[in-house]
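>
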Amino acid sequence: MNLNQGIHLRERDSSDFSWTPSQLIPWSPPAVITTPPPPQTVPGLAAVASVITDAGATARRPAITLSWNAAGVSDARGILWEARLASEAAASLSGSYNNVSSGALRLVAGLLPATAYLVRARPILNRATTWTGWLAVTTPDVRIGSVDLTTDVVGAMEDALEAAGLADASRAAAQAAEAAAVLARNTALAAQAGATASEIAARSSETAAAGSAGAAGASATAAAASGALATTGATEAGNYAAQALDYRNTAARLTGGGVSRNPVFNDWTGSTPLGMQVTLGAGNAISRITSGIRYSSVAQLYGAGTTDGPFLRLNRVTNALDCALSPAGVLIRAEIEYIAGNLANGGAFLRALWVDTASRFEVRELKNYITATTGIVQVVEIYVPRPAGAVPGSASNFAVDFMATSTQGGATRASATFRLHRLDFEEVLSNSQTSIYQQAVADLAGIQSAVIGLRAVAGSGGALLELVATSGPTGSASLARISADNILLEGSVTADFLSVNWLVGGLIQAEYFEVNSLLTVQQGAGLSYGKASVASDETDGIYFGHDGGRFGLAASRTNAGKRQSLKLASSTGLQILNARHFVSGDAVPTQMIYTASTAGIITVPAGTSRMAFDLIGGGGGGGTRQNSGGQSTWGYPGGDTTVEVYDGATLKHSFVSAGGQEGRGINTNGGTVSTHGAAWGSGGKGGLSGTGGFPSQGGWAAAATVTDWIDLSGYATPRIRITLGAGGLPGAGGAGWNTGDPGTPGRVVMSYSAARDVRADVVPLEPTAVGSFVTTTTGAGAFPDLGAGLWILHRNTATTGIGLGYVTLSPGNVVRAYQDGSATLISSQTPTYTGGEASYTVFYVFYAMGSWG
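Heads up: the sequence shown begins at 8 in the working numbering, then just goes up one per residue.
#1: Which runs of the beta strand (DSSP E) at least 3 residues long sit entirely within the region 731-768? Give them in chain order.
#2: To the nearest angstrom, report how far apart arginine 113 and isoleucine 71 are at their CA atoms.
#3: Which of helix, strand or coil does DSSP assign to aspartate 408?
#4: Can you give the Cα-Cα distance for valine 713 and tryptophan 687, rounded to whole angstroms?
#5: Starting from the N-terminal side, write out each stretch of the beta strand (DSSP E) that is 3 residues or longer and does not extend beyond the region 337-414.
#6: According to the neighbour-count rule (16 or more other Cβ atoms, all chains shown, within 10 Å of its Cβ), is methionine 618 buried or exposed?
#7: Since glycine 778 is in the beta strand (DSSP E), which residue starts that stretch and which ends it?
#8: Answer yes or no: does any C-beta atom of chain C fall closer than 7 Å to that of glutamine 385?
#9: Quick check: what's the CA-CA separation for glycine 288 versus threonine 412?
#10: Roughly how many whole angstroms lie between the Cα atoms of leucine 92 and glycine 336?
#11: Considering only residues of the same chain and omitting the five flanking positions on each side of glycine 245, which have a CB-CB separation below 6 Å?
#12: Give the range of the beta strand (DSSP E) segment to which serine 485 is assigned.
#13: Is it true that the CB of glycine 721 sits closer than 7 Å to the CB of glycine 690?
#14: Glycine 706 and glycine 642: beta carbons closer than 7 Å?
#15: Does DSSP put threonine 157 in a helix, a strand or coil?
#16: Can you find at least 3 beta carbon pairs, one from the region 130-137 and one from the region 78-98, that sit closer than 8 Å?
#17: Could you tell me the boundaries of the beta strand (DSSP E) in which isoleucine 549 lies?
#18: Hey, quick one: how far does the beta strand (DSSP E) through glutamate 497 stretch, first residue to last?
#19: When the Cα of proline 147 is compared with those of Asn375, Asp155, Arg429 and Thr122, which residue comes out closest?
#20: Where does aspartate 20 fall in DSSP's three states?
#21: Out of curiosity, what's the CA-to-CA distance linking arginine 766 and threonine 815?
#22: Identify, in the order they occur along the chain, each residue of the same chain with its Cβ nearer than 7 Å to the Cβ of serine 863, setting aside the five sequence neighbours on each side.
#23: Just to confirm before moving on: does the CB-CB distance between serine 616 and glycine 630 stay below 7 Å?
#24: Quick one: which unbroken beta strand (DSSP E) runs of 3-plus residues sit fully inside the region 797-857? Chain order, please.
#25: Beta-carbon within less than 6 Å of isoleucine 489's beta-carbon, same chain only, minus the 5 sequence neighbours each way: which residues are those?
#26: Enumerate, from N- to C-terminal direction, the unbroken beta strand (DSSP E) stretches of 3 or more residues contained entirely within the region 564-630.
#27: Report the CB separation of valine 144 from valine 115 in whole angstroms; it is logged as a contact under 8 Å.
#28: Leaving out five residues on either side along the sequence, give the residues of the same chain with a beta carbon under 7 Å from the beta carbon of valine 611.
#29: DSSP three-state label for alanine 306, please.
#30: Any idea what DSSP makes of proline 69, helix, strand or coil?
#31: With DSSP collapsed to three states, give me the class of alanine 289.
#32: According to DSSP, is threonine 203 part of a helix, a strand, or is it coil?
#33: Using the beta-carbon count (16 or more within 10 Å), is proline 69 buried or exposed?
#34: Could you give the distance in angstroms between the alpha-carbon of alanine 710 and the alpha-carbon of glycine 732?
#35: Helix or strand or just coil, what does DSSP make of proline 130?
#36: Would glycine 655 and glycine 747 be called neighbours here (beta carbons separated by less than 7 Å)?
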């Protein structure tokens with residue numbers, strides 16, 4: 008389909024019309040050329056320098072504010088922007104901004120203070136667009152201050168500055184000494200010249216006066232004194248120069264921490280850092296930067312991406328570095344600032360080179376150690392061991408290199424710019440190292456992370472301290488990690504939460520101790536509270552642990568002079584003394600009778616653990632009989648009785664007792680088909696006829712429903728609803744009719760009980776009391792006051808029954824002990840009796856129960 012239009016004509020009759028050329032109407036074809044709108048730019052773009060301030064109105068960071076006419080780009084999806092150093096051709100910063108309607112954007116990240124920039128912008132549209140012209144702007148001179156640094160960092164910087172100041176002072180002293188030496192030498196030459204002139208004058212003037220000869224001698228003396236002064240000044244100048252050189256070398260080593268004499272690029276020879284080899288490569292450049300930096304100056308390396316380089320080397324032989332020709336390992340320290348370019352594919356690297364029978368390189372690609380984040384100096388410390396194939400006995404040189412761009416590791420060699428604030432290395436022992444590494448990252452999604460770590464390695468041993476923090480739109484998190492074979496924490500240690508796989512200590516104290524899996528007590532150890540061993544019978548407390556090489560357990564408590572204990576020992580086995588026993592059970596069921604329907608769903612009595620129902624529907628109504636004529640009308644059926652059991656609002660059970668059937672027609676058996684006259688659920692009698700006639704049929708009784716026990720232990724809120732069936736009405740009648748009886752209504756009997764722990768006890772193997780008592784003359788009284796227990800009763804040789812009558816063993820629990828000559832009873836109290844025989848002697852054997860605990 009191409010959307011072209013067309014028309015087809017077919018002649019049907021050539022004689023229908025006649026056409027002549029004079030009938031042709033002239034016409035002009037329409038123009039098909041369109042003029043597209045010119046490329047859109049950002050109208051009214053302006054760039055001004057601005058400052059980021061903190062809550063105290065203190066200037067903290069330089070910034071550039073871009074503004075534009077928002078109405079002129081109202082349909083744009085965003086704004087693209089670029090910024091570059093005024094001294095460079097390529098853009099070093101770029102980004103996009105989608106809040107076009109705001110009309111303004113402030114650039115902060117990656118900007119250097121007091122630096123000339125050029126900025127431009129371009130709209131993002133679905134039509135042709137173009138960049139604005141470059142706008143010049145110089146950032147304000149706002150630098151990182153002490154408020155941005157921790158006290159530790161400030162202290163370290165002060166120490167470094169003090170060392171650097173010492174070197175500067177030494178250099179100044181050396182320069183002054185050199186000037187003094189020059190002055191002394193000039194004075195000596197002048198004096199020598201004066202002495203020579205005086206000597207010539209004395210010899211050539213034979214007629215000179217004695218005063219003139221004396222003056223010549225004085226001049227010679229003065230010349231000799233000037234020469235001595237010159238010699239002394241030159242000697243002191245040499246001493247000052249040597250001392251200044253020593254101070255300078257010491258300061259440089261302290262500042263660098265390694266073998267380089269110029270680790271932070273203080274000294275330069277023209278455009279080359281002193282004490283380093285430089286190889287540029289076509290199109291590449293190296294320059295000295297002295298503003299917006301960490302130390303006095305830095306080396307900025309620019310790689311154009313067309314050839315490898317630029318290349319900096321610390322050369323053991325050429326630069327006379329203080330290290331072995333074939334070190335077993337080196338720790339390379341570099342402080343690197345990413346400025347611009349392709350870090351991921353540019354091939355920048357740090358490299359260690361061992362030269363013996365061959366050149367052996369160990370390369371570390373920079374992309375694995377820093378991020379492409381501008382505006383920060385990233386510290387890199389890398390331990391590089393000597394290659395396995397190296398031949399130390401044939402070693403001729405060693406070097407450490409930095410390369411800004413290369414084809415290393417398959418890189419494509421892309422344009423990149425870095426600033427080296429420090430480059431140095433130190434020789435370490437074989438397979439040993441110490442290192443500090445740190446890194447900070449911020450991305451466009453608002454996620455920041457920072458890490459700083461300290462690492463030490465010696466042989467197969469290693470230790471690590473690492474601190475990590477991250478913050479993003481969903482929250483913040485941090486981590487501190489210590490890794491070592493042995494970690495020694497001296498002093499008091501406080502922790503909100505401590506999770507360990509293995510904890511060993513002489514004394515561990517805690518307010519709360521939780522074990523989620525298994526707590527193991529080693530053989531020979533134990534857990535103790537109050538007791539020292541399983542044999543500490545008289546001491547309250549608990550002991551769990553060894554018992555002569557075997558497991559033992561002891562727990563005891565003394566209350567009101569009575570000791571209760573549980574003991575498991577090799578000497579006793581399991582021993583329980585004076586314990587209180589209980590068994591789980593239910594209370595004696597209670598009944599509740601419902602003769603009316605509940606008002607909705609109701610809650611059962613509190614504590615109910617089980618329930619059962621006996622329900623019956625309404626009885627059917629009896630029929631009605633005509634006195635004469637033999638007619639009969641039916642009664643009405645009784646209503647259904649229902650019980651519904653709920654857990655909260657959820658129906659769990661439903662029970663129904665159907666209502667009784669109505670009385671129908673004539674009953675030939677006199678209306679006895681149903682039980683009549685009961686208060687609940689019975690059918691009504693049928694109406695009688697005239698003398699000698701048959702009555703109408705009576706209503707039927709409802710069939711009762713009896714449920715099993717329902718366990719409510721799993722119910723959160725047990726509830727019930729009861730609907731009672733009404734008795735059925737009798738058949739309709741009137742004058743001359745004998746009306747039957749209505750059926751009786753339904754009823755529900757609910758039996759329920761509550762779960763409880765019932766006291767129990769063991770029976771002693773020996774009686775605790777033996778004796779007899781005599782019943783009272785009234786036949787009512789109490790047993791000997793021995794409390795709860797097992798009673799064995801008898802009349803000894805008497806032939807009559809025991810005659811105690813009704814004995815109360817516990818509240819509401821009464822038994823009859825009368826006719827038999829002996830009885831065995833268990834009571835929860837001292838029993839009482841009523842209705843017994845008078846003055847009977849009753850013998851007993853008593854086993855106390857329930858009073859030990």
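From the three backbone atoms N, C-alpha and C, an ideal C-beta is built for every residue, glycine too.
Based on what the coordinates show:
#1: 754-767
#2: 6 Å
#3: strand
#4: 15 Å
#5: 356-362, 366-372, 385-392 and 404-410
#6: buried
#7: 776-781
#8: Given the protein chain composition of this structure (a single chain), no chain C is represented.
#9: 10 Å
#10: 40 Å
#11: With a pLDDT of 48 at glycine 245, under the threshold of 50, the modelled position of that residue is not reliable, and the figure given next carries that caveat. Taken in chain order, the list of residues that qualify is empty.
#12: 482-490
#13: no
#14: yes
#15: coil
#16: yes
#17: 548-554
#18: First-last for glutamate 497: undefined, no H or E at that position.
#19: Thr122
#20: coil
#21: 17 Å
#22: Because the chain here runs from 8 to 860, residue 863 falls outside it and cannot be looked at.
#23: no
#24: 812-817, 820-824, 829-834, 839-841 and 848-855
#25: Leu472
#26: 569-576, 580-584, 588-593, 597-601 and 615-623
#27: 14 Å between Cβ atoms; not a contact.
#28: Met618, Pro725, Arg726, Ile727 and Tyr759
#29: strand
#30: strand
#31: coil
#32: Reliability fails at threonine 203, whose pLDDT of 41 lies under 50, so the model's placement of it is uncertain and the value that follows must be treated cautiously. Residue state, collapsed to three classes: helix.
#33: buried
#34: 12 Å
#35: strand
#36: no
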